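Enquirer: Residue numbers (this note's numbering): 19 to 349. Glycine residues also receive a C-beta, built at the ideal position from the N, C-alpha and C atoms. None of the values given here were measured: they were computed from a predicted structure.
1. Tell me which residues share the same chain as residue 252 and place their Cβ nearer than 7 Å to its Cβ, disregarding the 5 neighbours each side in the sequence.
2. Among 228, 56, 129, 124, which residue has its Cα nearest to the Cα of residue 403?
3. List the endpoints of the continuous beta strand (DSSP E) containing residue 27.
4. For the alpha helix (DSSP H) that residue 199 lies in, which residues bound it at each end?
5. Going by beta-carbon coordinates alone, are residue 107 and residue 74 separated by less than 8 Å?
6. Just to confirm, is the Cβ distance from residue 272 to residue 176 under 8 Å?
7. Would you check if the distance between the CB atom of residue 313 and the CB atom of residue 219 is smaller than 8 Å?
8. Three or more C-beta pairs closer than 8 Å, one from the segment 118 to 135 and one from the segment 61 to 73: is that the case here?
9. Does the separation of the CB atoms of residue 80 and residue 28 fall below 8 Å?
10. Tell me whether the beta-carbon of residue 168 lies closer than 8 Å to the beta-carbon of residue 217.
11. Please report the distance separating the alpha-carbon of residue 202 from that of residue 40.
12. For residue 143, is the classification buried or exposed, using 16 other Cβ atoms within 10 angstroms of its Cβ as the cut-off for buried?
13. If contacts are defined as beta-carbon pairs under 8 Å, then residue 165 and residue 225 qualify, I think. What distance do you get, rounded to the angstrom?
14. Which first and last residues belong to the alpha helix (DSSP H) in which residue 129 is found?
15. The beta strand (DSSP E) with residue 50 in it runs from where to where?
16. Smallest Cα separation from residue 234: which of 179, 91, 308?
17. What is the DSSP secondary structure of residue 64, reduced to helix, strand or coil?
18. When we look at the beta-carbon of residue 182 and count the other beta-carbons within 10 Å, is it buried (16 or more) or exposed?
19. Tell whether a beta-carbon distance below 8 Å holds between residue 101 and residue 35.
20. Quick one: complete alpha helix (DSSP H) runs, 4+ long, within the segment 200 to 238?
21. Between the segment 301 to 311 and the segment 275 to 284, can you find at least three pairs of beta-carbon atoms closer than 8 Å?
22. Which of the three DSSP states, helix, strand or coil, is assigned to residue 301?
23. Write down the C-beta distance between residue 278 and residue 147 rounded to the nearest angstrom, noting that I regard them as a contact closer than 8 Å.
24. Considering only C-alpha positions, which residue in the set 300, 316, 95 is nearest to residue 293?
25. Is it true that the CB of residue 336 sits closer than 8 Å to the CB of residue 215?
26. What would DSSP say about residue 98, mapped onto helix, strand or coil?
27. Using alpha carbons as the reference points, say which of 161, 104, 26, 289 lies closest to residue 308.
28. Would you report the Cα separation of residue 187 and residue 103, rounded to the nearest angstrom?
29. Please return the same chain residues whose Cβ sits closer than 8 Å to the Cβ of residue 77, not counting the five positions on each side in sequence.
30. Output the distance between the C-alpha atoms of residue 48 and residue 154, rounded to the nearest integer angstrom.
31. From residue 20 to residue 37, what distance separates their C-alpha atoms?
32. Would you call the CB atoms of residue 291 and residue 318 closer than 8 Å?
Below, the structure written as structure tokens:
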């Protein structure tokens, strides 16, 4: 569905944008792939790697609605990946996080509506479910904006949906490259915030393929959540450095023991499919859809009342061997 189409990726020079671009070029023949971001050095470096004739590199910030409107001219599909994501930095600079993650989200919506874009998927995070830090709270607000955008589109043929998933193995700032750096530098121990801490784990490629598939599934208003395995951080550390001791340093501000992707309070809205969950919109004013059957004909069923999908009660767990196979390119 992406061949001969124009696709714009906000925050496109990040880990997700690069992998998404790589897979788009491998599997499809896009008319244009527009990388929209504010860092000229990252764009210059990405252009050395991806110099296909369909590539376009636009300097711009999601805070700048006028620039976004110009950038989306003639665009068919938008992936909104731009965000301020560092939890402590967001706590220290709250309004900057709000300007990018909330105001920026609304600007993306307005620009898409102004240009007659066909489909928009916004990337979310497990931290947006029952948030306890500002980053998570801004992403929850962003999720709500994209879901509600389906109710302000009028007669336009456009759908907005959200994809929410957990820790991306090997992404910038994540625990795998952090531990790997410490190990390579000869660290005598690995820091663990809490012995019971768990996280959902997904590879960048799995995340990209999930987003690609959801462009085909989406009807507008869904929050898509993949079924992915969990891992205890202590087990992750053992897998990476079986002979290194671990030092408990305490939970950092804004950090949870276990991350949630489908909150219990949303269980009445949650549908279970074979390989993913869908959280239906709370309110539908226009184009009431039957989300139990998606556009690919896949069928879902309601979960039990009170169901919560969190990394601590997950039914699927990564073994050391499985984790090392998934993380091998980052070790």
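Expert: Reading off the structure:
1. Here the set comprises 210, 213, 264.
2. This structure cannot speak to residue 403, because the chain is shown only from 19 to 349.
3. For residue 27, the uninterrupted beta strand (DSSP E) segment begins and ends at 24 to 28.
4. 193 to 202 is the span of the alpha helix (DSSP H), which, as asked, contains residue 199.
5. Against a cut-off of 8 Å, the Cβ pair of residue 74 and residue 107 comes out as no contact.
6. No.
7. No.
8. A contact is defined here as three or more CB-CB pairs under 8 Å, and the segment 118 to 135 fails this definition with respect to the segment 61 to 73.
9. In contact: residue 80 and residue 28 (Cβ atoms closer than 8 Å).
10. The Cβ atoms of residue 168 and residue 217 lie no closer than 8 Å to each other.
11. When rounded, the separation of the alpha-carbon atoms in residue 202 and residue 40 is 29 Å.
12. Under this definition residue 143 is a buried residue.
13. Between residue 225 and residue 165 the Cβ distance is about 20 Å, and since that is not below 8 Å, they are no contact.
14. Where residue 129 is concerned, the enclosing alpha helix (DSSP H) stretches over 122 to 133.
15. Per DSSP, the unbroken beta strand (DSSP E) holding residue 50 starts and ends at 50 to 55.
16. Comparing Cα positions, the closest option is 179.
17. Of the three classes helix, strand and coil, the one that applies to residue 64 here is helix, per DSSP.
18. Around the C-beta of residue 182, 16 or more other C-beta atoms lie within 10 Å, and the residue is accordingly described as buried.
19. Against a cut-off of 8 Å, the Cβ pair of residue 35 and residue 101 comes out as no contact.
20. If we require 4 residues or more, the alpha helix (DSSP H) runs fully inside the segment 200 to 238 come out as 222 to 235.
21. Touching, no.
22. In the structure shown, residue 301 sits in coil (DSSP, three-state: anything other than H, G, I, E or B).
23. Contact between residue 278 and residue 147 holds: CB atoms are separated by about 4 Å, below the 8 Å threshold.
24. Checked all of 300, 316, 95; the closest Cα to residue 293 is 316.
25. No. Outside cutoff.
26. In this structure, residue 98 counts as strand in the three-state DSSP scheme.
27. Minimum Cα distance to residue 308 is reached at 289.
28. About 15 Å.
29. Counting only Cβ-Cβ distances below 8 Å, and skipping sequence neighbours, we find 55, 56, 58, 61.
30. One C-alpha to the other measures close to 33 Å.
31. Using only the alpha carbons, I get a separation of about 15 Å.
32. With respect to the 8 Å criterion, residue 291 and residue 318 are classified as neighbours on the basis of their beta carbons.
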